[in-house]
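All remarks here apply to the structure that follows.
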């Protein structure tokens, strides 16, 4: 999933920039400056993956990926879920607000303002993030969002990665985890297709 996102969001950017006669500093223009791309309801990928039905349906996919990586199915699953995990079980994004649903079912809503764009590095890849801030009580002060990947034919995983915290953007930029939100109707087959990429 992450590599597909990297390929889709990064590999074509230099060619477009060069073709348009722009400098590489124009890359920041690919970031969303409002919450429109994320508008809607999302659930934690890990919360879906941990449901008994989805977990059972994915055992063969975990075994296949584990064999590819020379580890057990359980080790592969544990590694994947630890990178995608988040204490946030769901998000509802509106015009300028994000409502976070926590593990206990409680909700926190914050009004968010665009705070710029940042490019981070993961391995040899550059990742594009939009940054948003909130001053609302209880809301996370800093949220970074990657553009969602949308599966128009519903065969792939519609999802996005995000990071959040209260200590500014620097710790978020340096993190090596990718909390992941997916659409509520995501199927085991869509997860399996994503794992196979």
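Residue numbers (mature numbering (1 follows the signal peptide of the UniProt record, and there is no 0)): -32 to -1, 1 to 165. Even for Gly, the Cβ is constructed at its ideal location relative to N, Cα and C. Quick caveat: nothing in here was measured; it's all calculated off a predicted structure.
The beta carbon of residue 139 is closer than 7 Å to those of 133 in its chain, skipping five residues each way along the sequence. Counting C-beta pairs with one atom in each stretch, the stretch 146 to 164 and the stretch 118 to 130 have three or more that are closer than 8 Å, which means they touch.
With fewer than 16 other Cβ atoms from the protein chains shown falling within 10 Å of its own Cβ, residue 164 counts as exposed. When the Cα atoms are used, residue 27 and residue 103 turn out to be separated by approximately 43 Å. Beta-bridge pairing by DSSP links residue 49 to no other residue. Fully contained in the stretch 22 to 105 are the following alpha helix (DSSP H) runs of length 4 or more, in chain order: 27 to 37 and 41 to 52. Between residue 21 and residue 52, the gap from beta carbon to beta carbon reaches 8 Å or more.
The Cβ-Cβ distance between residue 112 and residue 137 falls below 8 Å. Cβ contact annotation for residue 130 (same chain, cutoff 6 Å, sequence separation greater than five): 113 and 147, in chain order. Check the Cα spacing between residue 69 and each of 62, 77 and 58: the tightest is with 58. When the beta-carbon positions are compared, residue 116 and residue 128 come within less than 8 Å of each other. In the DSSP assignment, residue 128 falls within the unbroken beta strand (DSSP E) covering 127 to 133. Going by DSSP, residue 145 is part of no beta strand (DSSP E) at all; its letter is neither H nor E. In the three-state reduction of the DSSP assignment, residue 10 falls in the strand class, which pools E and B. Just so you know, the alpha carbons of residue 18 and residue 110 end up roughly 27 Å apart. Non-local C-beta neighbours of residue 33 in its own chain, meaning closer than 7 Å and more than five positions away in sequence, comprise 44 and 163, ordered along the chain.
Between residue 60 and residue 9, the C-beta spacing is below 8 Å. One alpha carbon belongs to residue 47, the other to residue 31, and they sit about 13 Å apart.
Note: residue 117 is bridge-paired with 127 in the DSSP secondary-structure output.
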